[in-house]
Amino acid sequence: MGSTKRKSLEDPIEESGPLLKQQKENGFTGVDEPVACLHDVSYPEGFVHRSSDTFLAQEDSKPAKEFPFTLDPFQSEAIKCLNIGESVMVSAHTSAGKTVVALYAIAMSLKNKQRVIYTSPIKALSNQKYREFKEEFSDVGLMTGDVTIEPNASCLVMTTEIWRSMQYNGSEVVKEVAWVIFDEVHYMRDRERGVVWEESIVLAPKNSRFVFLSATVPNAKEFADWVAKVHQQPCHIVYTDYRPTPLQHYIFPSGGDGLYLVVDEKGKFREDSFQKGLNALVPSSEGARKNEAGKWQKGVVAGRAGEESDIFKMVKMIIQRQYDPVIVFSFSKRECEFLAMQMAKLDLNGDDEKVNIETIFWSAMDMLSDDDKKLPQVSNMLPILKRGIGVHHSGLLPILKEVIEILFQEGLIKCLFATETFSIGLNMPAKTVVFSNVRKFDGDKFRWITSGEYIQMSGRAGRRGIDERGVCILMVDEKLEPSTAKMMLKGSADCLNSAFHLSYNMLLNQILHEDSNPENLLRNSFYQFQADRAIPDLEKQAKELKEERDSMIIEEEDSLDNYYSLLQQYKSLKKDVRDIICSPRYCLPFLQPGRLVCIHCSGNEDSPAFSIDDLTTWGVIINFERVKGLSEDDANKKPEDADYTVDILTRCAVTRDEVSKKTMKIIPLKESGEPVVVSLPLSQIYSLSSVRLVIAKDLIPLQNRENTLKKVSEVLSRFSKEGMPLLDPEEDMKVQSSSYRKSVRRIEALENLFDKHEIAKSPLIEQKLKVLHQKKELTTRIKQLKRAVRNSSVLAFKDELKARKRVLRRLGYVTRDDVVDMKGKVACNISSADELTLTELMFNGVLKDLKVEEMISLLSCFVWQEKLKDAPKPRDELQLLFTQLQDTAQRVAKVQFECKVQIDVENFANSFRPDIMEAMYAWAKGSKFYQIMEISQVFEGSLIRAIRRLEEVLQQLILAAKSIGETELQNKFEDAVSKIKRDIVFAASLYL
Amino acid sequence: MREIESLPLNQTQKLRLEKALDQLDFLSAGANSNACVTVADTILVDHQDGLLKGHGTTDFDGELVATVCGVVERVNKLVYVRSLRARYKPEIGDIIVGRVIEVAPKRWRLEINFTQDAVLMLSSMTLHDGIQRRQTADDELNMRSIFVENDVICAEVRGFQHDGSLHLQARSQKYGKLEKGQLLTVPPYLVKRRKQHFHYLEKYNIDLIVGCNGFIWIGEHVETKDDMVEDQVTESEQQNASEDTHTPVEIRDKICRAANAVRVLCTLGFNITADVIMEIIELSNRIDIHDMLGAEFCVLVAESEVDRRRSSTKKK
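Respectively, the protein sequence lines represent chains A and B.
Letter by letter, the first sequence follows residues 1 to 992 in full-length UniProt numbering.
Letter by letter, the second sequence follows residues 1 to 316 in full-length UniProt numbering.
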């Protein structure tokens, strides 16, 4: 893959506002340095430059769109790429102004009478963008799961999921689209939905061009290489980590009362100030937090002592210093609300602003019915909004969320408590961003915020053209290492890694059409690309190792090799024998205090000795004891089976490292060291002698120990001629095992061989063996590398693909020669719920006999994933349905398991949640929203999302029923849609 | 039932054919255990709960009644009737061959042996210049330069629109106008849906498209070009190629043999697949093309079919 690299340092540009132009992390620290961006191009293999004269004409002509402000270098660089009609990936911070590139691409396509598609990951974002584009250009349409407006417009805004299904359905739009804009393409690493991006990019028409807008990702080049390869077209990368407003990072120690500047606007980490901040940390909250199970209650705990809570103090300080507006990020919806509650005493708005807020609020709420206006969430929200405080998280009613966004943009909300979702999408900056936590719960545990997350969220700080600099405040409630903090605050953005995975819907759609097949999709996936990319590296490593190995030349290698293997055998036999002797069964009676034992010196593990004799030393047994295991049945074990440690007095080299941990190394007696009692496992005993010493009773004084060791030395020297008398295994220890005798005989035989071996006399035998050993190790490493290469060069997911195809065949979705059958066609239509379970349910006639309300209630289990701890069980009829669903799910999971798809049958069945069945039943019966909110203990926003998704599933089911010709069922689904699609749940977005 | 009756068989041929057919019946016994129904027949369902009534069935006085003649098929609780010898019933993703019968505004109407004409929208066509763009009025005016009446076209079933009309699409350059070959029509039930419907018989240098609607195209092989970049380079070559409209006589011979093979299969009522067609062409090497439609060859094909099925069942 060829690439040309040039770093463009544009001329200093005049900017209207009093902006500081500088780059934070690229070493451009001088204030007057121009803003730089990195421009790079990926060419597909064997790409020939087209004669560019066709595009020259365009370059001369007027740009498709002119902006009222001077473009940043990265923007103009990207637009240049658009002008020559080539794809571009723009990677920059959230606030940097990527939208400009999108706007230009749209303007250009409209000018050329081409279609352009803009996709974004979130429906709400699509709505907002639709509005933005609609104001700019009139020929704009919107397609999300909820609404469709002007689907024939030249510029279509849609969610990525819709774009994917359009490509599968072969919509004519696909044939006409010249430019596809993927916003927030770094969403591709999302574990659940990321695969949609990969599918859409791979399936996209070959002759269209792309604009990828992404947050800063270090491997933008890799991504572009992939696009270039898959679509056989050059793809430009424009990368910048320029921020229009520089950031200052502070920490706020909990319980403390001030801010400490940690990273200044030049990107310098201030160690001293950081330490000062940590020292101001009041540790009491630490203990209190542990007592309280819920992490989010920390705020309350701190405020319990009658004084103001940290967050209150902080917000007050921010207001006093005029650092508002401020966004406070926290990582759970409940914590968000909790923190907002603590602001009760604050009033940040003047009277005229209050009036303003009230007007905006009620005019937005006007579209709701009177009953819905009385919802607690609605009525509770206004008072705090009026005080200039807002809350923004996914549990809010969508309409409230939008009102709050609008109020925030109007500057009427001074302090907004938000979850991470607020950090993506539309430009809604504040002057200050506060992180209420340094840790985030990621499903398994509380972990530090990654630098990528930090970058994304801190991107909201600093309003371009208004603030001189943005402020980030990290609330710290526990000690953290400066390196951790540095990593978090100054680390690089997260890599864009593929989160590709297979789904049945994807497979079926691929199999259905003649000119596509799943293997092709896999081969072109970013996942495969990243795997392939590792191969040259691995191969290179293997080659280097091989060269290294071949450069080692050993004389008489064959006979040495022979000797080496003999040695290995000898050692392993010796070990066998020792294992038998040292088994507690035989040696326990002989572990009396005072017995001299031969033990291994603790040498370096990685360079084993190559002589016949091991490096050993002597010591005196002091005591032995049984190792207490964790499990209870340990106590029931027979004494012979338990593990023992033996305390042995011997000479050790003791080294202390700075953590004041002692590390002890057993060394031969003659070397200098301290006499120390160490406890060793039985296996480290080499042999037991028949000699016992009388040892001093008190071994605590150093002198006594030294004396004892002296005695040992004496004994040793006395026996030095004939060797230490050892306990005879057979006579003294009564070892009677055939394997013991066999091993002993073989050792004897081997010893003979050693003596006869020609090479044994060679003086350099040890060094030679060492070299040989290294060589052998290299060989095994080469083998490992080669295996890794082989594994990554075969198609990723190959086995899983096979397994999943087997499942489809087994369940009758696909025939033996890969033709999609009736059931498969039904499952093809279902993409918003588990396609296999739902199809099975349908074909088993479960849905047929149900009342519409029951059916809706049952289907709600497919769209609700949150786990509620103490949700009440639904009533019996519904519970019965749910058991039916679980049975089906279990059956499906079992088939998958049998076909070697990796799946946990129980987990799969439990992934369907009955928690909102009652509420959905009531909703289908025509209850008001506030009534169903009383039934279920969930967030309003989550419930609304579930109902909307349920409607999506029903729409897909209508198509499915149609395809099998079951009109009754089809009518039933249509009926269900009309029953749930009403009131606040489907209230239109304010942005439309 | 089959068109065999019209074959001018002599006595021995008749016996041989009967024997072959008997053997075939025997070999496929068990597979055809499904009940055959005619219109208004009651389908036995044992009054199960939650029965799904699929295509070709209806509820009549509490009983499930067939609305078409055919074979009852069951998938779990879904019961439907697969009709035999009826018109083609399109399904999404099917590859079909059809004939243009009308050029209408922004669309072509095609005869595809369905109960209604299929529609191929101009916007569902990949344009020849390969550029991604919106269709203009010019394109609409130039529609006749793409297809005119009586052109034979290959396309894919896109699905039913909201108004109930059947829409087709041509996703890539391999779909589109078919030239230099023969179109055969056979009953659609002889074509089973498979993964591949486009076949390039390399040995004879001919293309075979087995349309799911029973329209079968056999023609001289054409290379499909998909890449726009290449197109520009090879533009001049293409012009040369279009002047060269001559089809070598050997290829014509092969096309005719393949076409006759299809005819024979159709007469005998055997499934039509590329493999079988290849076999028959091989079988016919010793005789003249026109003899392929004679009684003797028919019997021969039937006998070889018996051998084929016997060996394939043995393998299992």
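Using N, Cα and C, we set each Cβ at its ideal position, and we do this for glycine too.
From the options, pick the residue whose C-alpha is nearest to that of residue i; which is it?
i, options, result
"Met487 (chain A)", "A:Asp467, A:Lys768, A:Tyr454 and A:Ile554", "A:Tyr454"
"Glu974 (chain A)", "A:Ile856, A:Ile916, A:Gln884 and A:Leu522", "A:Ile856"
"Gly62 (chain B)", "B:Leu78, B:Gly98 and B:Leu44", "B:Leu44"
"Gly926 (chain A)", "A:Val977, A:Leu954, A:Arg945 and A:Phe908", "A:Val977"
"Thr148 (chain A)", "A:Lys123, A:Glu132, A:Asn207 and A:Asn169", "A:Lys123"
"Thr160 (chain A)", "A:Leu281, A:Ser120, A:Arg705 and A:Pro244", "A:Ser120"
"Arg194 (chain B)", "B:Asp207, B:Ala170 and B:Thr273", "B:Thr273"
"Gly219 (chain B)", "B:Val210, B:Ile206 and B:Asn213", "B:Ile206"
"Cys36 (chain B)", "B:Phe114, B:Arg309, B:Ala302 and B:Arg82", "B:Arg82"
"Lys313 (chain A)", "A:Met367, A:Gly277 and A:Asp257", "A:Asp257"
"Leu120 (chain B)", "B:Ile281, B:Met143 and B:Arg133", "B:Met143"
Which of the three DSSP states, helix, strand or coil, is assigned to residue i?
i, result
"Pro34 (chain A)", "Confidence at Pro34 (chain A) is low in this model, with a pLDDT of 49, below 50, so the placement of that residue should be treated as unreliable; the coordinate-derived value is given next. Coil, per DSSP."
"Val262 (chain A)", "strand"
"Ala220 (chain A)", "helix"
"Gly194 (chain A)", "helix"
"Glu172 (chain A)", "helix"
"Asp537 (chain A)", "helix"
"Tyr921 (chain A)", "helix"
"Ala20 (chain B)", "helix"
"Trp108 (chain B)", "strand"
"Ala57 (chain A)", "With a pLDDT of 43 at Ala57 (chain A), under the threshold of 50, the modelled position of this residue cannot be trusted; read the value that follows with caution. DSSP places Ala57 (chain A) in helix when its eight states are reduced to three."
"Ser76 (chain A)", "helix"
"Gly941 (chain A)", "helix"
Chain B partners of residue i, CB-CB under 8 Å?
i, result
"Ala976 (chain A)", "None at all; the shortest Cβ gap to chain B is about 17 Å."
"Leu969 (chain A)", "Leu52"
Which residues in chain B have a C-beta closer than 7 Å to the C-beta of residue i? List them in chain order.
i, result
"Val819 (chain A)", "Arg193, Arg194 and Lys195"
"Arg115 (chain A)", "Arg134"
"Lys805 (chain A)", "Those do not exist, as Lys805 (chain A) stays about 12 Å from chain B at its closest Cβ, beyond 7 Å."
Along chain A, in chain order, which residues have C-beta atoms closer than 8 Å to that of residue i?
i, result
"Ser124 (chain B)", "Gly170, Glu172 and Lys175"
"Gly93 (chain B)", "Leu512, His513, Glu514 and Val820"
For residue i, which residues in the same chain have their Cβ closer than 8 Å to its Cβ, ignoring the five residues on either side in sequence?
i, result
"Ser123 (chain B)", "Lys106 and Gln135"
"Tyr686 (chain A)", "Arg578, Val597, Cys598, Ile599, His600, Asp614 and Thr616"
Please list the partners that residue i has in chain A, where partner means a Cβ-to-Cβ separation under 9 Å.
i, result
"Val75 (chain B)", "Gly812, Asp821, Met822, Lys823, Phe843 and Ile964"
"Gly54 (chain B)", "Met822, Ile964, Gly965 and Glu966"
"Arg107 (chain B)", "Those within 9 Å of Arg107 (chain B) in chain A number zero; the least Cβ separation is about 11 Å."
Near residue i, which residues of its chain fall below 6 Å by C-beta distance, leaving aside the five closest residues on each side in sequence?
i, result
"Glu198 (chain A)", "Phe500, Ser525 and Phe526"
"Glu835 (chain A)", "Tyr504, Asn505 and Ala827"
"Gln955 (chain A)", "none"
"Val195 (chain A)", "Phe500 and His501"
"Ser989 (chain A)", "Asn127"
"Ile782 (chain A)", "Ala542, Leu545 and Lys546"
Below 7 Å CB to CB, which residues in the same chain sit around residue i once its five sequence neighbours on both sides are set aside?
i, result
"Met920 (chain A)", "Ile856, Ser857 and Ser860"
"Lys848 (chain A)", "Leu969"
Interface residues of chain A around residue i at Cβ under 7 Å?
i, result
"Met121 (chain B)", "Glu172"
"Arg158 (chain B)", "Gly170"
Who are the neighbours of residue i on chain B, taking C-beta pairs under 9 Å?
i, result
"Ser154 (chain A)", "Arg134"
At a cut-off of 6 Å, would you count residue i as near the ligand COA, judging by its Cβ distance to the nearest heavy atom?
i, result
"Leu339 (chain A)", "This structure lacks the ligand COA; in fact it carries no ligand of any kind."
Could you tell me whether the segment 212 to 226 of chain A touches the segment 522 to 530 of chain A, where touching means 3 or more Cβ pairs closer than 8 Å?
Cβ pair count under 8 Å is three or more, so yes.
At least 3 beta-carbon pairs within less than 8 Å: the segment 849 to 867 of chain A vs the segment 896 to 906 of chain A
no
With three or more C-beta pairs closer than 8 Å as the rule, is the segment 91 to 99 of chain B touching the segment 155 to 174 of chain B?
Cβ pair count under 8 Å is three or more, so yes.
How do the segment 243 to 259 of chain B and the segment 177 to 187 of chain B stand: do at least 3 beta-carbon pairs fall below 8 Å, yes or no?
They touch, by the three-pair rule.
Touching by the beta-carbon criterion (3+ pairs, under 8 Å), the segment 422 to 433 of chain A and the segment 443 to 450 of chain A:
no
Can you find at least 3 beta carbon pairs, one from the segment 354 to 372 of chain A and one from the segment 456 to 473 of chain A, that sit closer than 8 Å?
no
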